[in-house]
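As structure tokens, the structure follows; a few thoughts come after it.
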Amino acid sequence: GQDYPGKPWSNWGDGCVADGKYYSAIGDHYALGRGEAKYGAGSALLYEYDPETKNLRALADTSEVLKLPAGHYRPGKIHSRIDMGSDGWLYYATHRGSPKAAIDANHYLGDWILRTHPGTGKTEVVARGPVPKHSIPNSLLDPERLIFYAGTAAGPDAPLQDVRFFAYDLRRRKLLHANGDGPARYMLMARSTGKLYYVPGNAEGELLRFDPSVQAPPQPTGRTLGIRAATMETPDGFVYTVSTGQRSGKAMLWKFDVSEESVRALGDATVGGQSYVASLDADPTGRYLYYVPGAHGGGYKDGSPLVQFDVRSGLRKVIAFLHPFYNEKYGLTPKGTYSTAVSAEGDKVFITWNVSRGTRAWDCCALTVVHVPESERPTAP
Numbered sequence: 056g057q058d059y060p061g062k063p064w065s066n067w068g069d070g071c072v073a074d075g076k077y078y079s080a081i082g083d084h085y086a087l088g089r090g091e092a093k094y095g096a097g098s099a100l101l102y103e104y105d106p107e108t109k110n111l112r113a114l115a116d117t118s119e120v121l122k123l124p125a126g127h128y129r130p131g132k133i134h135s136r137i138d139m140g141s142d143g144w145l146y147y148a149t150h151r152g153s154p155k156a157a158i159d160a161n162h163y164l165g166d167w168i169l170r171t172h173p174g175t176g177k178t179e180v181v182a183r184g185p186v187p188k189h190s191i192p193n194s195l196l197d198p199e200r201l202i203f204y205a206g207t208a209a210g211p212d213a214p215l216q217d218v219r220f221f222a223y224d225l226r227r228r229k230l231l232h233a234n235g236d237g238p239a240r241y242m243l244m245a246r247s248t249g250k251l252y253y254v255p256g257n258a259e260g261e262l263l264r265f266d267p268s269v270q271a272p273p274q275p276t277g278r279t280l281g282i283r284a285a286t287m288e289t290p291d292g293f294v295y296t297v298s299t300g301q302r303s304g305k306a307m308l309w310k311f312d313v314s315e316e317s318v319r320a321l322g323d324a325t326v327g328g329q330s331y332v333a334s335l336d337a338d339p340t341g342r343y344l345y346y347v348p349g350a351h352g353g354g355y356k357d358g359s360p361l362v363q364f365d366v367r368s369g370l371r372k373v374i375a376f377l378h379p380f381y382n383e384k385y386g387l388t389p390k391g392t393y394s395t396a397v398s399a400e401g402d403k404v405f406i407t408w409n410v411s412r413g414t415r416a417w418d419c420c421a422l423t424v425v426h427v428p429e430s431e432r433p434t435a436p
């Protein structure tokens, strides 16, 4: 689908593995007034990769799904997570290429929650603008209860200019709750209890709890941690997070016990000079965490590493360096990623890269599958 220049082509949303296949998204980063794209505005693409057949399939193109008239805002990104619900649909949301495009003059009412069924290939709109005139860069699905949680970003003409947190009932197509001071980039969820947790903004701070079974705003837990990325709940009842690690901050790894709501710092995730981690995954046993530092383009400075963190020993180990190997073999440099996922068997790590083919930043996206040696996988839970 990258058959015309993007602004640039880029990956911003975290993917997932479901039924053995990897799902992730890229976008052209266009917006109205930023040049001529294929559709005259922004567009994003959702993909499925089957590791058994090695087939990469485009499932959805947001411009073709939305079919908006010329001169209307169209999103250039899928910046949210992509998650599979218990109903077999993939749920995700759209985000702007440029905030200047998300204005009344461009008929901007707010961004979309979408869903795609991999079996039928059908994509449909779930909701537009659940928070009016806000885009949706942050989401997390409760797959059993089918509640879509999100943090928003305000358009210039939105009456409410703060980050909004909302919960949306996908079965009833109904907004359950919305409030201000929401999470800008990521959240964590205890699937065993159905409770959703987040830290307001994008820095370390007090963890808030939202319980959908209680009709009340999010409540403080008295715990402090950072959440720029998070794992799903592991079999032993933990969720691991990593703080933002941008600028002068550390990419601190945290362990959250969902039953006790206790927090423990595990140490710095950094293995070289790059500390920004935007996707964090646990293997099926919960023993190993996987991540790629340097999300916003600096990863190659450390060799574009895939890092494995042992939660028992605290050992950080690089499983693979993808740079300079891929540059020398294919003429491309994996700069960074916002999307990684681990197979259900723990033997493969999928990475959607922002890639440079000689440009200063990046100009396209690429997919790699790192096969974890059997010796580097846990032999027992």
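Residue numbers (this note's numbering): 56 to 436.
From the three backbone atoms N, C-alpha and C, an ideal C-beta is built for every residue, glycine too.
If we ignore side chains and look at the alpha-carbon of each, how far apart do residue i and residue j end up?
i       : j       : result
Thr-207 : Gly-126 : 23 Å
Gly-341 : Lys-310 : 11 Å
Asp-58  : Cys-420 : 12 Å
His-314 : Glu-199 : Contrary to the premise, residue 314 reads as Ser rather than His in this sequence. About 18 Å.
Pro-124 : Ser-153 : 19 Å
Tyr-241 : Arg-228 : 23 Å
Asn-193 : Tyr-78  : 17 Å
Gly-413 : Gly-386 : 8 Å
Gln-363 : Val-427 : 10 Å
Gly-349 : Asp-224 : 35 Å
Tyr-104 : Leu-344 : 22 Å
Pro-436 : Pro-339 : Confidence in Pro-436 is poor, its pLDDT being 47 and thus under 50, which makes the residue's placement too unreliable to answer from.
Ala-86  : Gly-131 : 6 Å
Ala-416 : Lys-390 : 8 Å
So, are the CB atoms of residue i and residue j less than 9 Å apart?
i       : j       : result
Ser-394 : Gly-70  : yes
Ala-239 : Gly-260 : no
Arg-147 : Ile-158 : It is Tyr, not Arg, that sits at residue 147 in the sequence shown. Against a cut-off of 9 Å, the Cβ pair of Ile-158 and Tyr-147 comes out as no contact.
Ala-437 : Tyr-346 : Outside the shown range of the chain, which is 56 to 436, sits residue 437, and nothing can be said about it.
Phe-405 : Thr-423 : yes
Ala-96  : Gly-82  : no
Trp-64  : Asp-312 : no
Ala-205 : Phe-265 : no
Pro-379 : Gly-352 : no
Leu-201 : Asp-142 : yes
Val-181 : Leu-169 : yes
Pro-290 : Gly-327 : no
Hey, out of the options, whose CA is closest to residue i's CA?
i       : options                               : result
Met-287 : Lys-62, Asn-66 and Val-72             : Val-72
Ala-13  : Pro-63, Leu-251 and Ser-118           : This structure cannot speak to residue 13, because the chain is shown only from 56 to 436.
Asn-234 : Met-242, Arg-227 and Leu-215          : Leu-215
Ala-337 : Asp-83, Gly-401 and Val-313           : Gly-401
Gly-184 : Arg-151, Phe-380, Glu-431 and Pro-433 : Arg-151
Ser-430 : Arg-319, Ile-374, Val-410 and Val-332 : Ile-374
Asp-212 : Gly-165, Lys-177 and Gly-413          : Gly-165
Ser-317 : Ser-334, Tyr-295, Asn-66 and Asp-105  : Tyr-295
Gly-140 : Val-269, Asp-197, Ser-368 and Val-313 : Asp-197
Pro-275 : Asp-105, Val-254, Gly-352 and Thr-289 : Val-254
Leu-335 : Arg-219, Gly-327, Lys-384 and Ala-306 : Ala-306
Gly-304 : Pro-433, Leu-111, Pro-130 and Leu-280 : Leu-280
Glu-179 : Phe-221, Ala-115, Pro-130 and Val-218 : Ala-115
Ala-113 : Glu-119, Leu-101, Leu-121 and Pro-106 : Leu-101
Trp-67  : Thr-392, Ala-396 and Thr-434          : Thr-392
In the DSSP output, what is residue i paired with across the bridge?
i       : result
Thr-388 : Ser-411
Pro-187 : Answer by DSSP bridge pairing: none, since Pro-187 is not bridged.
Val-55  : Any answer about residue 55 is impossible in this case: the structure gives the chain only from 56 up to 436.
Pro-238 : Gly-256
Ser-65  : Gly-82
Thr-279 : Glu-261
Could I get the ranges of all uninterrupted beta strand (DSSP E) runs contained in the stretch 313-376, with 3 residues as the minimum, in chain order?
317-323, 343-346, 360-365 and 371-376
Beta strand (DSSP E) runs contained entirely in the stretch 112-200, provided each spans 3 or more residues:
145-148, 167-171, 178-183 and 189-197
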